[in-house]
Amino acid sequence: MNQGSTPQLADRLNVLAESATIAMAVKARELQAQGHDVIKLTLGEPDFKTPQFIQDAAVEAIQSGNHFKYTPVPGYPALREGIASKLKRDNGLDYKAENIVVSTGAKQSLINVLLSVVNKDDEVIVFTPYWVTYVEQVKLAEGVPVLVEGSLEKDFKVTPEQLRAAITPKTKAIMYSSPCNPTGSVYTKEELEALAEVLKDYPEIFVISDEIYEYINFGGEHASMAAIEGMKERTIIVNGFSKGHAMTGWRLGYIAAPLEVAKACNKIQGQVTSGTCAITQAAAITAVTGPLDETNKMKDAYLRRRDLVKSLLDEIDGIKTNLPQGAFYIFPDVSAFFGKSFGDTKIENSVDLTMYLLNEAHVSVVDGGSFGAPKCLRISFAASDEELKEACSRIKSALEKLA
Ligand code: PMP
Numbered sequence: 001m002n003q004g005s006t007p008q009l010a011d012r013l014n015v016l017a018e019s020a021t022i023a024m025a026v027k028a029r030e031l032q033a034q035g036h037d038v039i040k041l042t043l044g045e046p047d048f049k050t051p052q053f054i055q056d057a058a059v060e061a062i063q064s065g066n067h068f069k070y071t072p073v074p075g076y077p078a079l080r081e082g083i084a085s086k087l088k089r090d091n092g093l094d095y096k097a098e099n100i101v102v103s104t105g106a107k108q109s110l111i112n113v114l115l116s117v118v119n120k121d122d123e124v125i126v127f128t129p130y131w132v133t134y135v136e137q138v139k140l141a142e143g144v145p146v147l148v149e150g151s152l153e154k155d156f157k158v159t160p161e162q163l164r165a166a167i168t169p170k171t172k173a174i175m176y177s178s179p180c181n182p183t184g185s186v187y188t189k190e191e192l193e194a195l196a197e198v199l200k201d202y203p204e205i206f207v208i209s210d211e212i213y214e215y216i217n218f219g220g221e222h223a224s225m226a227a228i229e230g231m232k233e234r235t236i237i238v239n240g241f242s243k244g245h246a247m248t249g250w251r252l253g254y255i256a257a258p259l260e261v262a263k264a265c266n267k268i269q270g271q272v273t274s275g276t277c278a279i280t281q282a283a284a285i286t287a288v289t290g291p292l293d294e295t296n297k298m299k300d301a302y303l304r305r306r307d308l309v310k311s312l313l314d315e316i317d318g319i320k321t322n323l324p325q326g327a328f329y330i331f332p333d334v335s336a337f338f339g340k341s342f343g344d345t346k347i348e349n350s351v352d353l354t355m356y357l358l359n360e361a362h363v364s365v366v367d368g369g370s371f372g373a374p375k376c377l378r379i380s381f382a383a384s385d386e387e388l389k390e391a392c393s394r395i396k397s398a399l400e401k402l403a
């Protein structure tokens, strides 16, 4: 006890990093406030509106006067049943409503899961590059993130050999997103089968499979670890409405999980947020059981933009990229520019390069270090074709000035 001193914050805060994507967006807004035309390619957010039929369902829900009370902690039964039908329709998976817990965004779903399965000092293998939040949430749950890095040459994917080498008696879970934020990589069924083959030797390990970009997949069918034989019993699917249905602000995510995990998440959520917004859930029932035409139109637009950005970045000397198969990000390796300078500005790393691009090109992107890959940058192509063309042209000019 520190008697007599000022009140102190908890030590927990010391291990947490601030969300880098949000920090960059703040800086970009500052430049904008000074009158600069900043193109923001930082946030992981669709630039489309939520489809009209989902908006209409929300209006109807409000007008019905039936959606103003606390909702059941794991979500409305009709929504959980709708999600179970979606899992059958899209993924061939059999879940009951009791296996589904709906949360205030997939971000909350993820922390519910980690708090439910991770004990102090348990290791969680995080496929790297990873979505920033994974590592911070593992730490929040007092676990130890173990980073296993997929290289650009291997489409940023982790191999079965790498997975096997990373497993220790303390490994509690593995976690990854596919399609991946930040790389756009998509694990095929065969690749997941090969990883599952390794996990067969370790039946005590959970798989946390973040499938929130499921509907933004350019290559073909979405593959889920839960659909691989023998894996459903220990796979926790995390999914949500933010990306595929362009519903980031509505705050709705969910898990599909073995019953004991679902019950644990329900218990935790019951003491944190309770059930998520009633109106959002009512609209989501319509979204999850409705047609995917609008979702597919958005996907087509992302694919067109992926091709556009990929071809423009390919014209820049020194940039190396993979070909993202899903999501709306590209994650170029920019390490060829480290050690170069322009005037007084020296580029030592991807944070410096990100700041340089913001100040010189007025384009904001996120440094790869935030995703565990300090040679790279993340560019979101959830922006208009015009913005993307202009941004790539400005990035090219700025990078050409470095010597
Ligand atoms: N997982 C990944 C991989 C994401 O990119 C995001 C959003 N950026 C989330 C989860 C969280 O989504 P939600 O809006 O549902 O909290």
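Residue 151 in full-length UniProt numbering sits at position 151 of the sequence shown, and the numbers go up by one each step.
Beta carbons: idealized from backbone N, C-alpha and C, even for Gly.
All values reported here derive from a predicted model rather than from experimental measurement.
| Asked | Found |
| --- | --- |
| Inter-stretch contact (C-beta, 8 Å, three-pair minimum) for the segment 75-95 and the segment 148-161 | no |
| Cβ-Cβ distance between residue 412 and VAL124 below 9 Å | Because the chain is modelled from 1 through 403, residue 412 falls outside the range shown and cannot be assessed. |
| Outcome for ALA10 when other beta-carbon atoms lying within 10 angstroms are tallied against a minimum of 16 | exposed |
| Check: LYS396 C-beta below 8 Å from any heavy atom of ligand 1 | no |
| Best match in THR128, PRO72 and ALA17 for proximity to GLN271 [C-alpha to C-alpha] | PRO72 |
| Cβ separation of TYR130 and GLY372, assumed to be a contact under 8 Å, to the nearest whole Å | 5 Å |
| Proximity below 9 Å, CB of ALA141 to CB of ILE111 | yes |
| Where the beta strand (DSSP E) containing THR174 begins and where it ends | Note that residue 174 is Ile in the sequence shown, not Thr. From DSSP, the beta strand (DSSP E) with ILE174 extends over 171-177. |
| Proximal residues to SER341 (C-beta, below 8 Å), its chain only, five neighbours per side dropped | ILE347, LEU402 and ALA403 |
| For VAL101, three-class secondary structure by DSSP | strand |
| Closer than 8 Å: ASN296 CB and nearest ligand 1 heavy atom | no |
| Three-state secondary structure (DSSP) of LYS189 | helix |
| C-beta contact flag for ASN99 and LEU259 at 9 Å | yes |
| Opposing strand residues paired with PRO145 [DSSP bridges] | VAL124 |
| C-alpha gap between ILE330 and PHE127, whole angstroms | 17 Å |
| Collapsed DSSP secondary structure at CYS265 in the structure displayed | helix |
| Residues that ASN239 bridges to, as DSSP identifies them | TYR254 |
| CB-CB length for VAL113 against VAL238, believed under 8 Å | 7 Å |
| Member of ASN322, THR168 and PRO169 whose CA lies at the smallest distance from the CA of THR183 | ASN322 |
| Local conformation of ASP56 per DSSP, three classes | helix |
| For SER109 and PRO77, the rounded distance between their alpha carbons | 17 Å |
| LEU87: first and last residue of the uninterrupted alpha helix (DSSP H) it sits in | 77-91 |
| Contact test: LEU252 Cβ vs ligand 1 heavy atom, cutoff 8 Å | yes |
| Range of the contiguous beta strand (DSSP E) that encloses VAL207 | 206-210 |
| Simplified DSSP assignment, three categories, for PHE337 | helix |
| Any non-hydrogen atom of ligand 1 within 8 Å of SER209 CB | no |
| Extent of the continuous alpha helix (DSSP H) to which residue 405 belongs | Since the first residue shown for the chain is 1 and the last is 403, residue 405 is missing from the structure and cannot be characterised. |
| Run of the alpha helix (DSSP H) containing ARG394, from where it starts to where it stops | 385-400 |
| Classification of VAL26 by the beta-carbon crowding that lies within 10 angstroms, buried from 16 upward | exposed |
| Outcome for PHE68 when other beta-carbon atoms lying within 10 angstroms are tallied against a minimum of 16 | exposed |
| heavy atom of ligand 1 below 8 Å from ALA373 C-beta | no |
| Cβ neighbour criterion (16 or more within 10 Å) applied to PRO203 | exposed |
| ILE379 CB to nearest heavy atom of ligand 1 below 8 Å | no |
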